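Trainee:
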Amino acid sequence: GAVVSQHPSRVICKSGTSVKIECRSLDFQATTMFWYRQFPKQSLMLMATSNEGSKATYEQGVEKDKFLINHASLTLSTLTVTSAHPEDSSFYICSASLGGAGNTEAFFGQGTRLTVV
Amino acid sequence: AQSVTQLGSHVSVSEGALVLLRCNYSSSVPPYLFWYVQYPNQGLQLLLKYTTGATLVKGINGFEAEFKKSETSFHLTKPSAHMSDAAEYFCAVSRTGGFKTIFGAGTRLFVKA
Chain W
1 GAVVSQHPSR VICKSGTSVK IECRSLDFQA TTMFWYRQFP KQSLMLMATS NEGSKATYEQ
61 GVEKDKFLIN HASLTLSTLT VTSAHPEDSS FYICSASLGG AGNTEAFFGQ GTRLTVV
Chain U
1 AQSVTQLGSH VSVSEGALVL LRCNYSSSVP PYLFWYVQYP NQGLQLLLKY TTGATLVKGI
61 NGFEAEFKKS ETSFHLTKPS AHMSDAAEYF CAVSRTGGFK TIFGAGTRLF VKA
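Going down the list, the protein sequences come from chains W and U.
Mind the numbering: the first sequence is residues 1 to 117 in the working numbering, read in order.
Mind the numbering: the second sequence is residues 1 to 113 in the working numbering, read in order.
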């Protein structure tokens with residue numbers, strides 16, 4: 001149980017275009033989803049927290065208009081990188097949680113490698 | 001606020017030797033602590049976690065970690081390294097499952113034949 005699926009696993013796009021990454025909780029309802037970014041040989045940096053049906057909370061320094069997050073249902077959150085540029089190339093990972101104090105961990109997707117050319 | 005410090009960005013051990021990866025945390029509330037492993041170009045795999053109760057936690061692949069509140073540490077160990085253990089390891093802290101997870105900088109483990 002507790003499987004989180006990301007799609008696509010890899011994407012290459014042209015500079016100036018937008019790319020959408022999906023994060024799905026396959027066997028549970030995720031009240032909260034998190035989006036992380038990982039640069040090569042670096043750690044995971046939290047970008048934003050999204051709660052179903054409400055606006056995402058972005059971490060300091062993350063451009064809201066650049067990285068659009070939608071959490072329209074309890075099983076799906078999307079991250080759209082708008083007007084992508086080569087510096088947006090990175091590994092993006094989502095995680096999903098049941099929420100609530102009784103839950104002990106968030107479950108991670110397998111990541112999406114974005115390359116902007 | 002919560003934070004994690006991993007001591008040593010690179011650790012090298014011989015096959016069969018003890019693996020020790022160090023992690024110290026800072027948290028204003030009782031923490032949930034995790035160790036994840038990441039192989040190249042892959043996502044994260046949970047090795048083990050501490051939430052409450054027994055402070056010595058056993059995980060997958062022979063790894064274990066001990067929560068020491070007095071030292072604010074959660075070091076990861078494995079008695080005998082295997083070549084397949086070579087990977088990036090991340091220590092992480094959270095408050096609850098519904099709260100954000102904060103990661104350390106990571107430690108790259110090299111295993112020599």
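Glycine included, C-beta positions come from ideal geometry on N, C-alpha and C.
Owing to the predicted nature of the structure, the values given are computational and were not obtained by experimental measurement.
On the DSSP bridge assignment, give the partners of U/I102 in chain order.
Mentor: Partner(s): U/V93.
Trainee: Could you check which residue in W/F91, W/S95, W/F107, W/A106 has the C-alpha nearest to that of U/N41?
Mentor: If we check each option's Cα against that of U/N41, W/F91 comes out closest.
Trainee: Give the DSSP bridge partners of W/M45, in chain order.
Mentor: Answer is W/R37, bridged to W/M45.
Trainee: When the Cα of W/V19 is compared with those of W/S77, W/F67, W/L98, W/I93, which residue comes out closest?
Mentor: Of the candidates W/S77, W/F67, W/L98, W/I93, the one whose C-alpha sits nearest the C-alpha of W/V19 is W/F67.
Trainee: What residues of chain U sit near W/I128, judged by a beta carbon separation below 9 Å?
Mentor: In the structure as shown, chain W starts at 1 and stops at 117, and residue 128 of chain W therefore has no counterpart that could be examined.
Trainee: Go through its chain and collect everything with a Cβ distance to W/T78's Cβ below 6 Å, but skip five positions before and after it.
Mentor: Taken in chain order, the residues that qualify are K20, E22, N70.
Trainee: With 7 Å as the threshold, decide whether the Cβ of U/K69 is near any Cβ in chain W.
Mentor: Answer no: the Cβ-Cβ gap between U/K69 and chain W never drops below 7 Å.
Trainee: Find out if the Cβ-Cβ distance for the pair U/V13, U/V19 is shorter than 7 Å.
Mentor: A contact, by the Cβ cut-off of 7 Å.
Trainee: Quick one: what's W/S5 bridged to in DSSP?
Mentor: DSSP, once it has assigned bridges, lists W/R24 as partnering W/S5.
Trainee: Within 7 Å (strictly less), CB to CB, does U/G8 reach chain W?
Mentor: It does not: the Cβ of U/G8 has no partner Cβ on chain W nearer than 7 Å.
Trainee: Given a cut-off of 7 Å, decide if U/L21 and U/T107 are closer than it, judged by their beta-carbon atoms.
Mentor: Result yes, Cβ atoms of U/T107 and U/L21 sit closer than 7 Å.
Trainee: Given this structure, state the Cα-to-Cα distance separating U/F67 from U/V57, to the nearest angstrom.
Mentor: Their backbone Cα atoms lie some 8 Å apart in a straight line.
Trainee: Considering just the uninterrupted stretch of the beta strand (DSSP E) at W/S73, what are its terminal residues?
Mentor: Looking at the DSSP string, the run of the beta strand (DSSP E) that includes W/S73 is 67-73.
Trainee: Let me know the secondary structure DSSP gives W/E87 once reduced to three states.
Mentor: The answer is helix: DSSP assigns W/E87 an H, G or I state.
Trainee: Show which residues of chain U have a CB atom less than 8 Å away from the CB atom of W/T49.
Mentor: Near W/T49 (Cβ distances below 8 Å), the residues of chain U are K100.
Trainee: Does the distance from the CB of W/S83 to the CB of W/T32 come in under 7 Å?
Mentor: Not in contact: W/S83 and W/T32 (Cβ atoms no closer than 7 Å).
Trainee: Strictly by DSSP, which residues pair up with U/Y39?
Mentor: U/Y39 is not bridged to any residue.
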